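Beneath this line is the structure, given in structure tokens, with notes to follow.
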Amino acid sequence: MHQLTLAEIARGLADKKFSSEELTRALLARINQLDPQINSFISVTEELAISQARAADARRAAGENGALLGAPIGHKDLFCTQGIRTSCGSKMLDNFKAPYDATVVSKLAEAGTVTLGKTNMDEFAMGSANESSYYGAVKNPWNLEHVPGGSSGGSAAAVAARLLPAATATDTGGSIRQPAALTSLTGLKPTYGRVSRWGMIAYASSLDQGGPLARTAEDCALMLQGMAGFDPKDSTSIDEPVPDYSASLNASLQGLRIGLPKEYFGAGLDPRIADLVQASVKELEKLGAVVKEISLPNMQHAIPAYYVIAPAEASSNLSRFDGVRFGYRCENPVDLTDLYKRSRGEGFGAEVQRRIMVGAYALSAGYYDAYYLQAQKIRRLIKNDFMAAFNDVDVILGPTTPNLAWKIGAKNNDPVAEYLEDVYTITANLAGLPGLSMPAGFVDGLPVGVQLLAPYFHEGRLLNVAHRYQQVTDWHTRVPNGF
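To convert, note that position 284 of the sequence shown is 284 in full-length UniProt numbering; the numbers rise steadily by one, no gaps.
Written out as structure tokens, the structure is:
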């Protein structure tokens with residue numbers, strides 16, 4: 001049963017081939033057996049999962065038949081879950097049990113999903129490798145010596161290892177798409193505001209967006225259907241009707257205009273990845289798509305702009321973790337200043353401290369105009385580039401990552417080298433655009449992903465292109481050895 005996709009699970013439950021409780025118990029046993037190899041879970045919620053599975057079976061017996069009813073999933077451990085530890089991968093929140101459910105969690109629960117547990121992640125979603133977690137690094141199921149990508153690496157590794165069919169994730173600068181690429185999954189970052197951020201512990205509020213990680217575009221469509229929608233509790237949520245994402249999956253690609261930015265294929269891209277990207281373009285051309293070269297001239301400024309804006313917002317958001325109200329508190333503080341300093345110094349890891357300091361510096365009185373304000377101007381130029389490009393093309397295609405998954409520890413002493421792995425993904429976050437990564441092949445046994453970007457609220461178009469591609473390729477069906 002662990003090899004079934006979400007769509008196959010929905011059909012199996014509807015046909016009474018198995019119950020949600022049977023499936024849930026099988027996957028919980030698999031997690032207990034295999035997860036010690038990859039460390040993809042922080043918390044396994046066995047009692048909750050079985051009770052939710054029984055409730056889902058009862059709802060089906062009463063005549064309900066929703067696509068997600070009884071489907072087991074996991075939640076990235078920054079979505080608040082009532083009564084369950086929500087740690088953000090940090091010592092700071094190791095003892096924090098959320099008093100409420102995030103909107104994403106409650107919406108998926110209403111749809112009937114079964115929560116198997118909370119997945120491991122880079123601390124406060126800061127990282128591209130899933131090595132900064134207080135609970136230890138997550139390992140890539142395709143090669144246990146390599147990273148799965150971050151910050152949603154726990155969700156990605158768990159789905160890739162067939163411990164569960166799908167999981168929630170978040171994307172601030174590529175943290176859904178990059179781990180999807182490095183673990184041979186389909187990952188979707190929706191338009192900013194499409195999925196509620198209420199109850200999702202913030203890293204950078206103007207960039208963070210929740211979305212699904214699954215094996216296929218079809219499964220991502222089912223997950224997004226359950227997650228998307230306006231939320232009056234989230235001031236950044238957009239009141240836009242939610243379409244039926246599954247309805248357009250099989251639409252023809254005849255005449256679809258695909259743009260290939262020339263900036264994507266310069267120095268820094270592994271030529272073997274470039275070859276697989278071009279191979280995916282040829283497959284889409286066979287399906288009727290038309291390809292043309294485009295330009296995104298301000299892409300070169302994206303990384304410096306992002307690594308000013310994101311840390312600036314992080315320094316503000318993480319100021320609430322001070323040892324006073326909730327979370328980690330140092331022992332025997334001598335005064336309030338000592339309480340603040342030691343609680344934050346002991347509770348936050350090195351990467352989080354680095355980004356807080358960079359952000360505080362960028363926002364300080366003497367440097368706000370020189371750094372933060374300039375970065376916001378570059379952000380607008382990047383958005384303008386995309387708006388101009390989408391006048392000529394329907395989607396933009398390119399590599400998701402410039403390199404293959406690297407060995408655990410290989411970039412620990414060079415954080416900038418790790419930041420550069422986000423070069424193709426962060427522009428979508430700066431502009432607020434939807435983006436998707438889909439499996440496109442392997443190099444030396446390690447997965448490669450191709451990224452698709454579309455105009456605002458055109459997630460259905462991304463899912464359609466990925467689904468049609470997955471009908472003529474089998475990369476998404478490959479399984480890591482041992483799993």
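The beta carbon of each residue, even a glycine, is placed where N, CA and C say it ideally should be. Here the structure is a predicted model, which means the values were calculated and not measured.
task: Measure from the alpha carbon of E32 to the alpha carbon of each residue in L163, G149, S87, then state which is nearest.
output: According to the sequence shown, residue 32 is Asn rather than Glu. Ranking the options by Cα distance to N32, first place goes to L163.
query: Thinking C-beta only, is F124 closer than 8 angstroms to L276?
result: No, Cβ-Cβ distance for L276 and F124 is not below 8 angstroms.
task: Pick out whichever of F348, A157, P241, G398 has its Cα sitting closest to the Cα of N39.
output: The candidate whose alpha carbon is nearest that of N39 is A157.
task: Assign G460 to one of three DSSP states: helix, strand, or coil.
output: In the structure shown, G460 sits in a helix (DSSP, three-state: H, G or I).
task: Look up V242 in the DSSP assignment and say whether it is helix, strand or coil.
output: Of the three classes helix, strand and coil, the one that applies to V242 here is coil, per DSSP.
query: When we look at the beta-carbon of Y100 and count the other beta-carbons within 10 Å, is it buried (16 or more) or exposed?
result: So Y100 counts as exposed.
- prompt: Roughly how many angstroms lie between the CA atoms of P141 and P148, to the nearest whole one?
  reply: Cα to Cα, the separation comes out at about 8 angstroms.
field: For E331, the three-state DSSP class (helix, strand or coil)
entry: When secondary structure is reduced to three states using DSSP, E331 falls in the coil class, being assigned neither helix nor strand.
message: Within 8 angstroms, do at least three Cβ pairs link the segment 323-335 to the segment 367-386?
response: Counting Cβ pairs under 8 angstroms, fewer than three are found: no touch.
- prompt: Is the beta carbon of L188 sitting closer than 8 angstroms to the one on L144?
  reply: Cβ atoms of L188 and L144: not closer than 8 angstroms.
message: Considering only DSSP beta bridges, list what M200 is partnered with.
response: Within the DSSP bridge table, the entry for M200 names F79 as partners.
- prompt: Would you report the Cα separation of R60 and E421, rounded to the nearest angstrom?
  reply: Rounded to the nearest angstrom, the two C-alpha atoms are 44 angstroms apart.
message: V443 and E283 - do their beta-carbons sit closer together than 8 angstroms?
response: Not in contact: E283 and V443 (Cβ atoms no closer than 8 angstroms).
message: Which of the three DSSP states is assigned to D338 in this structure?
response: The answer is helix: DSSP assigns D338 an H, G or I state.
message: I'd like the list of long-range same chain contacts for P165, defined as Cβ closer than 8 angstroms, with 5 residues on each side in sequence excluded.
response: Excluding positions up to five away in sequence, the list reads L4, T5, L6, I9, A71, P72, I73, V159, A214, R215, D219.
query: When the Cα of S90 is compared with those of D244, E131, P439, K286, which residue comes out closest?
result: Measuring C-alpha to C-alpha distances from S90 to each of D244, E131, P439, K286 identifies E131 as the nearest.
Among A56, M92, V44, the one whose alpha carbon lies nearest that of residue 491: Since the first residue shown for the chain is 1 and the last is 483, residue 491 is missing from the structure and cannot be characterised.
query: In chain order, what residues of the same chain lie with their CB nearer than 8 angstroms to the CB of D26, ignoring the 5 residues before and after it?
result: Note that residue 26 is Ala in the sequence shown, not Asp. Closer than 8 angstroms at the Cβ level, and outside the excluded window around A26, lie M1, H2.
As assigned by DSSP and simplified to three states, the class of E64: Reduced to three states, the DSSP call for E64 is coil.
- prompt: What number of angstroms, rounded off, separates the C-alpha of F386 from the C-alpha of Q178?
  reply: In a straight line, the C-alpha of F386 is about 20 angstroms away from that of Q178.
- prompt: What whole-angstrom Cβ distance do S295 and E346 have, given they're in contact under 8 angstroms?
  reply: Going by Cβ atoms, the distance from S295 to E346 rounds to 48 angstroms, so no, they are not a contact pair.
- prompt: Which residues in the same chain as F390 place their Cβ atom closer than 6 angstroms to its Cβ, once the five residues preceding and following it in sequence are excluded?
  reply: If you ignore the 5 residues before and after F390, its C-beta comes within less than 6 angstroms of the C-beta of P455, all in its own chain and listed in chain order.
For A157, the first and last residue of its enclosing alpha helix (DSSP H): Per DSSP, A157 belongs to the alpha helix (DSSP H) from 153-160.
message: Taking the beta carbon of M357 as the centre, do at least 16 other beta carbons fall within 10 Å, making it buried, or is it exposed?
response: Looking at its Cβ environment, which holds fewer than 16 other Cβ atoms inside 10 Å, M357 is exposed.
message: Between P297, Y419, R468, Q278, which has its C-alpha nearest G441's C-alpha?
response: For the residues P297, Y419, R468, Q278, the minimum Cα distance to G441 belongs to Q278.
- request: For my contact list, A362 and A310 are in at a C-beta cut-off of 8 angstroms; report their separation, rounded to the angstrom.
  value: Not quite, the Cβ-Cβ distance comes to about 10 angstroms (not below 8 angstroms), so this is no contact.
field: Start-to-end residues for the alpha helix (DSSP H) that takes in K377
entry: 374-389 is the span of the alpha helix (DSSP H), which, as asked, contains K377.
task: Starting from P354, trace the alpha helix (DSSP H) both ways and give me its first and last residue.
output: As written in the sequence, residue 354 is Arg, which differs from the Pro given in the question. R354 -> alpha helix (DSSP H) spans 350-363.
message: Checking 8 angstroms against the spacing of the C-beta atoms, do G259 and V393 come in under that value?
response: Going by C-beta atoms, G259 is nearer than 8 angstroms to V393.
- request: Mind checking which residues open and close the alpha helix (DSSP H) that includes L447?
  value: Residue identity check: residue 447 is Pro in the sequence provided, not Leu. Annotation: P447 is outside any alpha helix (DSSP H); the continuous beta strand (DSSP E) that includes it extends over 446-453.
- prompt: Between D57, G226, F41, S51, which lies nearest to F18 when the distance is taken from Cα to Cα?
  reply: Proximity to F18 across D57, G226, F41, S51 peaks at D57, based on C-alpha coordinates.
field: Given T86 as reference, the closest of A129, V423, K118 once Cα atoms are compared
entry: Relative to T86, the option among A129, V423, K118 whose CA is nearest is K118.
message: Contact criterion: CB-CB distance below 8 angstroms. Does L436 meet it with respect to chain D?
response: The structure shown has no chain D; it contains just one protein chain.
- request: To the nearest angstrom, report how far apart L462 and P402 are at their CA atoms.
  value: A direct Cα-Cα distance of roughly 21 angstroms separates L462 from P402.
field: Buried/exposed call for Q300, threshold 16 Cβ in 10 Å
entry: Under this definition Q300 is an exposed residue.
Residues near H146 in its chain [Cβ-Cβ closer than 6 angstroms; skip 5 each side]: Taken in chain order, the residues that qualify are N140, A405, K407.
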